[in-house]
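Numbering (UniProt numbering), first residue to last: 1 to 97. Glycine included, every Cβ here is placed at the ideal spot set by N, Cα and C.
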């Protein structure tokens, strides 16, 4: 859980540590502190610790004991090797993912 951090959290039960795929503890998701609009920059950061080739990213909605109905309709992926310079993740054809 120390490898997950976020820009904000709605509550302790939706903190970054609950943002792992397939988890149902807490509310089973990371949720930002408030509604997110396109011009805002909320984020969930995953520190992989060393260089990895990422081939798949999965997401899910909030579990909340089966009562959660919130989920991200869209998101952007960015990566960094130094945590200072962030680059947009692009597919092999150069399209932003």
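With DSSP collapsed to three states, give me the class of residue i.
i, result
"residue 90", "strand"
"residue 78", "strand"
Taking Cβ positions, are residue i and residue j nearer each other than 7 Å?
i, j, result
"residue 79", "residue 89", "yes"
"residue 3", "residue 47", "yes"
"residue 6", "residue 30", "yes"
DSSP beta-bridge partners for residue i?
i, result
"residue 5", "45"
Of all Cβ atoms in chain C, is any one closer than 7 Å to the Cβ of residue i?
i, result
"residue 42", "Among the chains in the structure shown there is no chain C, since it carries only a single protein chain."
Would you call the stretch 12–19 and the stretch 47–58 touching, i.e. three or more CB-CB distances under 8 Å?
-> no
Sufficient close CB pairs (3 or more, under 8 Å) joining the stretch 21–29 to the stretch 37–44 | no
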